[in-house]
Amino acid sequence: MAHKRISATLLFAAPVLLSACMGGEGAGLANLRPVAAARAMVSGAPSAQTVATPAQDTSIFANPTGQKQPSPIVTSLQARNSVLISGSDYQAIVTAVLQSASGATAADLKAARLRAEAREKNWLPTIGPSISLTSLGDLVANIIIEQVIYDNGRRKAEREFARADVEVAAVGLSEAVNDRLAEALTLYISAAKARDKSAMAATGTSRMLEFQRVVTARVDGGVSNPSDLQVVRSKVADMESLTSTQSEASNTALAELSAMTTRRIGLPAAIQPMPLPQADLPALSVLRAQAEAERTRAEADIARASALPTLGASAAVGSSNTAGLSVDGAGLGFGTAASREAAQYSAQAAQARVIDAREDATRLRARLESRLTALARQDGDEAALVQQTRANFRLFFDQFDGGQRSVMDVVNVYEQMIHQELEHLDVQYEIVLTQLELARLTGTLANGSDI
């Protein structure tokens, strides 16, 4: 009966002892009273003065008092608002892509959350069967209850590692979704760009065919050189080729976009610019580095704790009732200090990578913003050049009607005007693509709550 009472008491006392070691501030091996605890085990009633109360830490992100403590990284991701205007063509593409997502990265996040939830219970005792056959042929069956009393903070570090793993998975999900949205919007913008360039080239082809008809009549009448006709035909062929190439590019981009969204996508009459994200919003790469640094720090704590012995208690209830304390884990050796120091430096290296990631993100954002400024200036220059070439074409055409210019002069000026307008289109769409890259960098192509 005494053995049974000790075993039952140990089953109750073991998690209580662990909570005193693994709990909040002030708890630890120094606060244990082994003699008083042993007396409590024998008497069957643990003393409130000698044994701490178990911590009620059961949420994925909770502080030692049991109150919810949300992850700052996850909170930052959830609080992000999309830069896209609600009801815009861009928002329609985002909605279609989100609805057709495969959910692979979301499953990774769910798995990480479940692992973290499981780790939150690692301070509880483990229970398992033990069945053995003695040399005399007797079958011995016991229920083994094991509880770690002091493990140098290993299980606490394991819980922190699991929480950081959730943060890494959450950032990974946001990155994957924003990358996919950026890819879809790039296809959408590229399709519209190719469509506009094809329409511009088609307009140029129609006008060039009129010039070709005029030059053909002049060559037949002996007024113009046949070489002029060859030049005009070459220009017409170039315009026709550009029309076909851009039309095919637009159709290809739309086909890819339809495959991503599992629906047919139409193009708007004109592409609108994208708003810019907040200047103080950290990039997703920085959040990933912070989450990985926290996970590496927890991993280093696990490694440091694993390099030292641990104190545990176990009890067997069944055919034979036993109870006792045990010291397990790694033994102390000549390399223990070096192993613990190496774990510390790995955590420092992870923090250094956070600084590097923040610097890289700042440089990339500065480069994109400088490019936007340069593109805005180019847009104004190109618009002025387009107006100038249009005015030149009207002037040359009027002079051609008055007999002051040859048809080839008009053809060359018209070709220059078409190419200038095509270059202007390139600059306008490059502005939108740069704005898209800025939004992707900060993870603001969709609301964080939608992701």
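Every letter in the sequence shown is one number past the one before it in the numbering used here, and letter 266, counting from 1, is 361. Yeah, the Cβ is synthetic: ideal placement off N, Cα and C, and Gly gets one too.
Figure out for me which residue from I360, E518 and I397 has the closest Cα to the Cα of D184. I360
Tell me, please, which residues DSSP counts as bridged to Q242. A408
Rounded to whole angstroms, what's the CA-CA distance from T298 to Q385? Just pull it up for me. 53 Å
So, with DSSP's three-state summary, where would you put T417? strand
Using the three-state DSSP reduction, which class does G543 fall into: helix, strand or coil? coil
Outcome for L490 when other beta-carbon atoms lying within 10 angstroms are tallied against a minimum of 16: exposed
Count the CB pairs spanning the region 298-310 and the region 378-392 that are closer than 8 Å, and state whether there are at least three. no
Start and end residues, alpha helix (DSSP H) containing V505: V502 to T537
Please go through the same chain and pick out, in chain order, the residues whose beta-carbon is closer than 6 Å to the beta-carbon of I513, but skip the five residues on each side of it. G299
Outcome for L420 when other beta-carbon atoms lying within 10 angstroms are tallied against a minimum of 16: exposed
For P372 versus V178, is the C-beta distance shorter than 8 Å? yes
Applying the criterion that 16 or more other CB atoms from any shown protein chain within 10 Å of the CB defines a buried residue, is Y283 buried or exposed? buried
So what's V314 in DSSP terms, helix, strand or just coil? helix
Can you list, in chain order, the residues of its chain whose CB lies under 8 Å from that of Q341, leaving out five sequence neighbours each side? A289, R290, K292, S293 and A296
Which one or two residues does DSSP pair with D423 in a beta bridge? T405
Quick check on the DSSP output: the alpha helix (DSSP H) that includes Q325 runs from which residue to which? P321 to T356
Is the beta carbon of A287 closer than 8 Å to that of T363? Before going further, note that residue 363 is Pro rather than Thr in the sequence given. Yes, the pair counts as a contact, with Cβ atoms nearer than the cut-off.
I believe V87 touches R258 by the beta-carbon criterion, under 8 Å. Please report the beta-carbon distance rounded to the nearest angstrom. This structure does not reach residue 87, given that the chain is present from 96 up to 546, and the question cannot be answered.
For M369, which of helix, strand or coil comes out of DSSP? coil
Proximal residues to L536 (C-beta, below 6 Å), its chain only, five neighbours per side dropped: A378
Cβ shell of H519 (< 8 Å), same chain only, five flanking positions each side left out: D474, E477, A478, L480 and V481
Give a yes or no on whether the C-beta atoms belonging to F256 and E436 are separated by under 8 Å. no
Can we say the region 517-531 touches the region 457-473, given the rule of at least three CB pairs closer than 8 Å? yes
Considering only C-alpha positions, which residue in the set S285, Q511, T457 and K251 is nearest to T347? S285
Determine, using beta carbons only, whether A350 and R399 come nearer to each other than 8 Å. no
How is the alpha helix (DSSP H) around P167 delimited, first residue to last? P167 to Q173
With 16 other CB atoms within 10 Å as the buried threshold, where does G498 fall? exposed
Let me make sure I understand the geometry here. Which of V381, S166 and G248 has the alpha-carbon closest to that of R458? V381
Which residues bound the alpha helix (DSSP H) around V192? D184 to Q194
Contact check, E212 vs R254, beta carbons under 8 Å: no
Between the C-alpha atoms of T170 and N273, what's the straight-line distance to the nearest angstrom? 17 Å
Helix, strand or coil: which one does DSSP assign to L179? coil
Helix, strand or coil for P141? Go by DSSP, reduced to three states. In this predicted model, P141 has a pLDDT of only 44, less than 50, meaning its place in the structure is not dependable enough to derive any value.
Within 10 Å of its beta-carbon, does L209 have 16 or more other beta-carbons around it, so buried, or fewer, so exposed? exposed
With a threshold of 7 Å on Cβ separation, who are the neighbours of A312 within its own chain once the five nearest residues in sequence on each side are excluded? none
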